[in-house]
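Chemist:
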Amino acid sequence: MDKAKFNAKGLLRNQQVILLVVLFAMAAFFTSQNSIFLTNAVFGNIISDWVPLVLIAIGETFVIISGGIDLSVGSAVGLSGIIAAFSMRYFTAHNMTDNLSLTLGLLISIGIGAVVGLVNGFLITKANMVPFVSTLVTLGAARGLCIVLTAGGPIADGPSNAIDLSVPKVGPFSYPGVAVLGLVIILGLFMHKARFGRYTFAIGSNAFAARSAGINVNRHLVKIYALSGALAGIAGMYFYLRLGVGSPTSGQSGELNAIAAVVIGGASLSGGVGKLLGTALGSLILVTVTSGLIIIGVAANWNQVVVAILIAAAVFSQGIRTLGKKNK
Amino acid sequence: MASKKKLSLVAVAGAAALFASAAVPAASQAATTKTIAFVMGAINDPFFNAMKAGAVAEAKAKGVKLVWQGDVQYSPATQIPVVDQVLATKPDGLVLIPTDPVALQPSVAKAKAAGITVVNVDTHVNDLTDVVSFITGDNADGGAKAADALATAMRYTNGKKYQVVVGLTSATATTNVARLEGFTKAVAAKYPGIQIVDKAYSQSDSAIANTNVNNWLTKYPNLRGIFAIDGTNASGAAAAIQAKGLIGKVALVGYDAYPANVKLIQKKVFSALIAQDPAAEAKQAIDTLVDFWAGKTSTIVKNVVIPNVVLSGTTSKADLKAFTYVA
Numbered sequence: 263m264d265k266a267k268f269n270a271k272g273l274l275r276n277q278q279v280i281l282l283v284v285l286f287a288m289a290a291f292f293t294s295q296n297s298i299f300l301t302n303a304v305f306g307n308i309i310s311d312w313v314p315l316v317l318i319a320i321g322e323t324f325v326i327i328s329g330g331i332d333l334s335v336g337s338a339v340g341l342s343g344i345i346a347a348f349s350m351r352y353f354t355a356h357n358m359t360d361n362l363s364l365t366l367g368l369l370i371s372i373g374i375g376a377v378v379g380l381v382n383g384f385l386i387t388k389a390n391m392v393p394f395v396s397t398l399v400t401l402g403a404a405r406g407l408c409i410v411l412t413a414g415g416p417i418a419d420g421p422s423n424a425i426d427l428s429v430p431k432v433g434p435f436s437y438p439g440v441a442v443l444g445l446v447i448i449l450g451l452f453m454h455k456a457r458f459g460r461y462t463f464a465i466g467s468n469a470f471a472a473r474s475a476g477i478n479v480n481r482h483l484v485k486i487y488a489l490s491g492a493l494a495g496i497a498g499m500y501f502y503l504r505l506g507v508g509s510p511t512s513g514q515s516g517e518l519n520a521i522a523a524v525v526i527g528g529a530s531l532s533g534g535v536g537k538l539l540g541t542a543l544g545s546l547i548l549v550t551v552t553s554g555l556i557i558i559g560v561a562a563n564w565n566q567v568v569v570a571i572l573i574a575a576a577v578f579s580q581g582i583r584t585l586g587k588k589n590k
Numbered sequence: 344m345a346s347k348k349k350l351s352l353v354a355v356a357g358a359a360a361l362f363a364s365a366a367v368p369a370a371s372q373a374a375t376t377k378t379i380a381f382v383m384g385a386i387n388d389p390f391f392n393a394m395k396a397g398a399v400a401e402a403k404a405k406g407v408k409l410v411w412q413g414d415v416q417y418s419p420a421t422q423i424p425v426v427d428q429v430l431a432t433k434p435d436g437l438v439l440i441p442t443d444p445v446a447l448q449p450s451v452a453k454a455k456a457a458g459i460t461v462v463n464v465d466t467h468v469n470d471l472t473d474v475v476s477f478i479t480g481d482n483a484d485g486g487a488k489a490a491d492a493l494a495t496a497m498r499y500t501n502g503k504k505y506q507v508v509v510g511l512t513s514a515t516a517t518t519n520v521a522r523l524e525g526f527t528k529a530v531a532a533k534y535p536g537i538q539i540v541d542k543a544y545s546q547s548d549s550a551i552a553n554t555n556v557n558n559w560l561t562k563y564p565n566l567r568g569i570f571a572i573d574g575t576n577a578s579g580a581a582a583a584i585q586a587k588g589l590i591g592k593v594a595l596v597g598y599d600a601y602p603a604n605v606k607l608i609q610k611k612v613f614s615a616l617i618a619q620d621p622a623a624e625a626k627q628a629i630d631t632l633v634d635f636w637a638g639k640t641s642t643i644v645k646n647v648v649i650p651n652v653v654l655s656g657t658t659s660k661a662d663l664k665a666f667t668y669v670a
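The listed protein sequences derive, respectively, from chains A and B. According to the numbering used here, the residues represented by the first sequence are 263 to 590, in order. According to the numbering used here, the residues represented by the second sequence are 344 to 670, in order.
Here it is as structure tokens:
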């Protein structure tokens, strides 16, 4: 047990160093192809994609470390953004100030996301559905609701200053971006320094042992899925700020990007292993590829191929190192 | 429960007696009220909602019964069962928006065999022998009109160079392909100074379209124009132009008259929007069927092209309202 823990720790430390090297190598390559890559404007574009992705990817990290999977995060992003958009349209029509309207919109968005997460939690713990199926159900239900509620079109007429808030003001970060960065750090402490994180790792390593040790496994799982949903809700609101409208397709396929970020970040899909810094870097690598390929003028469809290669490389390198350790 | 059943039996008997007394006019009326089944592409698209509004209004005006059907997905796999179900109810006419030109061909043959008159709208099956008329918007024409609108908005003058980009949803969707072709041809023929420097795909996600345009605006500091080929691309591009403070500096021509985007014409974010007229397509389809049944076959045109409309800052408020898709 001790040995396994030690190995995992060493391996993950390596993983993050490797991720940083990959990130710098990519930046160097993109810059060599088009020097405009190394500008604050491009970093701003990258960070504006990173913010929503890292939010859902962190939720996904908690879920995956606990031994589960959350396929509903992308749909939760869409649904929470839509409901917030409808609410803010109503508030604006009733002469509420923009800032108050946006604050309420954020709370509503978080609430809707959390509800999606709670439904997942209850389906898993009360209805005994496996996470893959229960979150597949909410993925479909939430995305379907997006389309039914909006008839497919964007929802506008909310606060007029929404888009301004998405503009980079602090280096490449917008003000909400700075807030999300702070949240990422807090969630990192929550995962690695607090009881919440310890329970999450314990459940993912061995749910039976965790239960014997007195952890209320079911209650903790519900909390984890609710957290994942709530973070998706923040991402939903962030997309609203970016587009100035609630779009029914926002967050589409977000679950796959989130899982990719988590896997590249070094977490194990079998649970019990993962690091938040890895996920944050994994997300950053994904969005850097997106912007980088556009800047150097590679056809957009190559994006998926590059991401696939990155995932394969990440998992392969983990496998090699794990084997190496085992053979010792 | 039992008493309810009895009651309804009595009611039915009463109604039957009532009808019997007026049997002749009732029967003739039933024969003249035709039913038109309208099977469209995807219920999640404002384009089809606008089409429905046109269909409902025209069905009412012509005194026909309209049955509106469709699936969430734009896919033949989900559309074929819907068509089968509709055919089982034996409507008099079928207005079909085939989601695939090959896969829906047998459904058309089936309808014809059952004596149901078929019209195609928006897209068509490959073999139009069994189809009375095919009515569509002209996507190539829309692309060409977008090129004109973009040139006007950039104050195009010969001899100068203009960098423009095109935001698409997919490389294969037929509407995208036709619009891009129309746009490219018009640029080559009329505006040699316009260079299309980049293209990208948004997979129907406004946020991805937004990322693409954000990066283009960084990559091409001298970018003069954007053609956003559909509604989701238009939303994403509009947000990018606003966030980067480039309203009026980079001309933006979008497609599809989503209410949110029509409002952005007034704010000068969009130089123009190319609007289709789905309501007119639906109206034409219903009129065609009614004419066909009335024996006015000489007035029926096999291929009808409904022109696109360019909405811009100079369009009247009434027209803006009339061509905005129903949310």
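All residues carry an ideal CB built from backbone N, CA and C; glycine is no exception.
Which residue marks the beginning of the alpha helix (DSSP H) containing residue 400 of chain A, and which one marks its end?
Modeler: As a working note, residue 400 of chain A is residue 138 in the first sequence. From DSSP, the alpha helix (DSSP H) with residue 400 of chain A extends over 393-412.
Chemist: When you compare the CB of residue 538 of chain B with every CB in chain A, is at least one pair closer than 9 angstroms?
Modeler: What you label residue 538 of chain B is simply residue 195 of the second sequence in a count that begins at 1. No, its Cβ sits nowhere closer than 9 angstroms to a Cβ of chain A.
Chemist: Say whether chain A places a C-beta atom closer than 9 angstroms to the C-beta of residue 578 of chain B.
Modeler: Here residue 578 of chain B corresponds to residue number 235 of the second sequence, with the count starting at 1. True, the Cβ-Cβ gap to chain A drops below 9 angstroms.
Chemist: What in chain A is Cβ-close to residue 652 of chain B, meaning under 7 angstroms?
Modeler: Numbered from its first residue, the second sequence carries residue 652 of chain B at position 309. In chain order: nothing, as chain A lies at least about 18 angstroms away.
Chemist: With a threshold of 9 angstroms between beta carbons, is residue 547 of chain B in contact with chain A?
Modeler: For the purposes of this step, residue 547 of chain B is identified with residue 204 of the second sequence, where counting begins at 1. So, interface residue.
Chemist: In three-state terms, what does DSSP make of residue 405 of chain B?
Modeler: Counted from its first residue, the second sequence places residue 405 of chain B at position 62. Three-state result, residue 405 of chain B: helix.
Chemist: Contact between the region 486-504 of chain A and the region 380-388 of chain A: three or more CB pairs below 8 angstroms?
Modeler: Segments in contact, yes.
Chemist: By DSSP, does residue 672 of chain B sit in helix, in strand, or in coil?
Modeler: Absent from the model: residue 672 of chain B. The displayed extent of chain B is 344 to 670, so no value can be given.
Chemist: Compare the beta carbon distance of residue 402 of chain B and residue 622 of chain B with 9 angstroms and say whether it is the shorter of the two.
Modeler: Here residue 402 of chain B refers to the residue found at position 59 of the second sequence. Here residue 622 of chain B refers to the residue found at position 279 of the second sequence. No, Cβ-Cβ distance for residue 402 of chain B and residue 622 of chain B is not below 9 angstroms.
Chemist: Please report the straight-line C-alpha distance between residue 440 of chain A and residue 397 of chain A, rounded to a whole angstrom.
Modeler: Translated into positions along the first sequence, residue 440 of chain A becomes position 178. Translated into positions along the first sequence, residue 397 of chain A becomes position 135. Those two C-alpha atoms are separated by around 30 angstroms.
Chemist: Smallest Cα separation from residue 308 of chain A: which of A:428, A:484, A:449, A:391?
Modeler: Working through the first sequence from its first residue, we reach residue 308 of chain A at position 46. Minimum Cα distance to residue 308 of chain A is reached at A:428.
Chemist: Express the C-alpha separation of residue 524 of chain A and residue 284 of chain A in angstroms, rounding to a whole number.
Modeler: Position 22 of the first sequence, counted from the first residue, corresponds to residue 284 of chain A. Position 262 of the first sequence, counted from the first residue, corresponds to residue 524 of chain A. Spanning the two alpha carbons is a distance of roughly 16 angstroms.
Chemist: Going straight from the alpha carbon of residue 603 of chain B to that of residue 515 of chain A, what length do you get?
Modeler: Taking the first residue of the second sequence as 1, we reach residue 603 of chain B at position 260. Taking the first residue of the first sequence as 1, we reach residue 515 of chain A at position 253. The straight-line gap from Cα to Cα measures roughly 24 angstroms.
Chemist: Are the C-beta atoms of residue 470 of chain B and some chain A residue less than 9 angstroms apart?
Modeler: Here residue 470 of chain B corresponds to residue number 127 of the second sequence, with the count starting at 1. Not an interface residue.
Chemist: Determine the extent of the alpha helix (DSSP H) in which residue 598 of chain B is found, giving its start and end residues.
Modeler: For the purposes of this step, residue 598 of chain B is taken as residue 255 along the second sequence, with counting starting at 1. Element bounds for residue 598 of chain B: not the alpha helix (DSSP H) but the beta strand (DSSP E), 594-598.
Chemist: Measuring only between beta-carbons, confirm whether residue 664 of chain B sits less than 9 angstroms from chain A.
Modeler: One-based indexing of the second sequence puts residue 664 of chain B at position 321. Answer no: the Cβ-Cβ gap between residue 664 of chain B and chain A never drops below 9 angstroms.
Chemist: According to DSSP, residue 412 of chain B sits in a beta bridge with which residue or residues?
Modeler: Locating residue 412 of chain B in the second sequence gives position 69, counting from the first residue. BP columns for residue 412 of chain B point to B:382.
Chemist: Is it buried or exposed, residue 584 of chain B, if we count other Cβ atoms within 10 angstroms and call 16 or more buried?
Modeler: As a working mapping, residue 584 of chain B is identified with position 241 in the second sequence. The residue in question, residue 584 of chain B, is buried, as its Cβ has 16 or more Cβ neighbours within 10 Å.
Chemist: Determine whether the Cβ of residue 298 of chain A lies closer than 9 angstroms to any Cβ atom of chain B.
Modeler: Locating residue 298 of chain A in the first sequence gives position 36, where the first residue counts as 1. Output row for residue 298 of chain A: interface = yes.
Chemist: Would you report the Cα separation of residue 547 of chain B and residue 612 of chain B, rounded to the nearest angstrom?
Modeler: Taking the first residue of the second sequence as 1, we reach residue 547 of chain B at position 204. Taking the first residue of the second sequence as 1, we reach residue 612 of chain B at position 269. Approximately 20 angstroms, taken between the alpha carbons.
Chemist: Using the Cα positions of residue 364 of chain B and residue 616 of chain B, report the straight-line distance between them to the nearest angstrom.
Modeler: For the purposes of this step, residue 364 of chain B is taken as the residue at position 21 of the second sequence. For the purposes of this step, residue 616 of chain B is taken as the residue at position 273 of the second sequence. Reliability of the predicted coordinates at residue 364 of chain B is poor, the pLDDT of 44 falling under 50, and the value obtained from them is presented with this limitation in mind. Each residue's Cα considered, the two are about 58 angstroms apart.
Chemist: Taking Cβ-Cβ distances shorter than 8 angstroms, what residues in chain A pair up with residue 389 of chain B?
Modeler: For the purposes of this step, residue 389 of chain B is identified with residue 46 of the second sequence, where counting begins at 1. Per Cβ cutoff of 8 angstroms: 413, 414, 415.
Chemist: Report all residues from its chain with a CB closer than 8 angstroms to the CB of residue 548 of chain A; omit the five preceding and five following residues, and keep chain order.
Modeler: As a position in the first sequence, residue 548 of chain A is number 286, starting the count at 1. Here the set comprises 315, 519, 522, 523, 526, 569, 572.
Chemist: Which two residues bound the contiguous alpha helix (DSSP H) that contains residue 625 of chain B?
Modeler: For the purposes of this step, residue 625 of chain B is taken as residue 282 along the second sequence, with counting starting at 1. Segment 621-636, the alpha helix (DSSP H) holding residue 625 of chain B.
Chemist: Once DSSP output is grouped into helix, strand and coil, what is the label at residue 667 of chain B?
Modeler: Along the second sequence, one-based indexing puts residue 667 of chain B at 324. Coil.
Chemist: List in chain order: all unbroken beta strand (DSSP E) runs of 3+ residues lying wholly within the region 477-551 of chain A.
Modeler: The qualifying runs do not exist here; there are none.
Chemist: Of all Cβ atoms in chain A, is any one closer than 9 angstroms to the Cβ of residue 368 of chain B?
Modeler: Position 25 of the second sequence, counted from the start, is the residue given in the question as residue 368 of chain B. Only weak support exists for where residue 368 of chain B lies, its pLDDT of 43 falling under 50; the value from the coordinates is given anyway. Output row for residue 368 of chain B: interface = no.
Chemist: Starting from the C-beta of residue 387 of chain A, find all residues in its chain whose C-beta is less than 7 angstroms away, skip the five residues before and the five after it, and write them out in chain order.
Modeler: Within the first sequence, numbered from 1, the residue matching residue 387 of chain A stands at position 125. Excluding sequence neighbours, residue 387 of chain A sits near 480, 483, 484.
Chemist: Residue 664 of chain B to residue 530 of chain A, Cα distance in whole Å?
Modeler: Position 321 of the second sequence, counted from the start, is the residue given in the question as residue 664 of chain B. Position 268 of the first sequence, counted from the start, is the residue given in the question as residue 530 of chain A. Approximately 54 angstroms, taken between the alpha carbons.
Chemist: I need the straight-line Cα distance from residue 464 of chain B to residue 324 of chain A, nearest angstrom please.
Modeler: Your numbering for residue 464 of chain B matches position 121 in the second sequence. Your numbering for residue 324 of chain A matches position 62 in the first sequence. Spanning the two alpha carbons is a distance of roughly 49 angstroms.
Chemist: Please name the residue, chosen from B:637, B:384, B:543, that lies closest to residue 561 of chain A on a Cα-to-Cα basis.
Modeler: Start at 1 with the first residue of the first sequence, and residue 561 of chain A comes out as number 299. Nearest option by C-alpha distance: B:543.
Chemist: Using a Cβ-Cβ cutoff of less than 6 angstroms, which residues in the same chain neighbour residue 416 of chain A once the five nearest sequence positions on both sides are dropped?
Modeler: Counted from its first residue, the first sequence places residue 416 of chain A at position 154. So the qualifying residues of the chain are 507, 509.
Chemist: With a CB to CB cut of under 6 angstroms and the five nearest residues on each side skipped, what residues in its chain are close to residue 642 of chain B?
Modeler: Against the second sequence, residue 642 of chain B aligns to sequence position 299. Excluding positions up to five away in sequence, the list reads 634.
Chemist: How would you list, in chain order, the residues of chain B whose beta-carbon sits under 8 angstroms from the beta-carbon of residue 563 of chain A?
Modeler: Residue mapping note: residue 563 of chain A aligns to position 301 of the first sequence, counting from 1. Here the neighbours are 514, 544.
Chemist: So which residues of chain B does residue 319 of chain A contact, with C-beta pairs closer than 7 angstroms?
Modeler: Looking up residue 319 of chain A in the first sequence gives position 57. In chain order: nothing, as chain B lies at least about 15 angstroms away.
Chemist: Could you check whether residue 351 of chain A and residue 419 of chain A sit closer than 9 angstroms to each other, using their CB atoms as the reference points?
Modeler: Your numbering for residue 419 of chain A matches position 157 in the first sequence. Your numbering for residue 351 of chain A matches position 89 in the first sequence. The answer is yes: Cβ separation under 9 angstroms.
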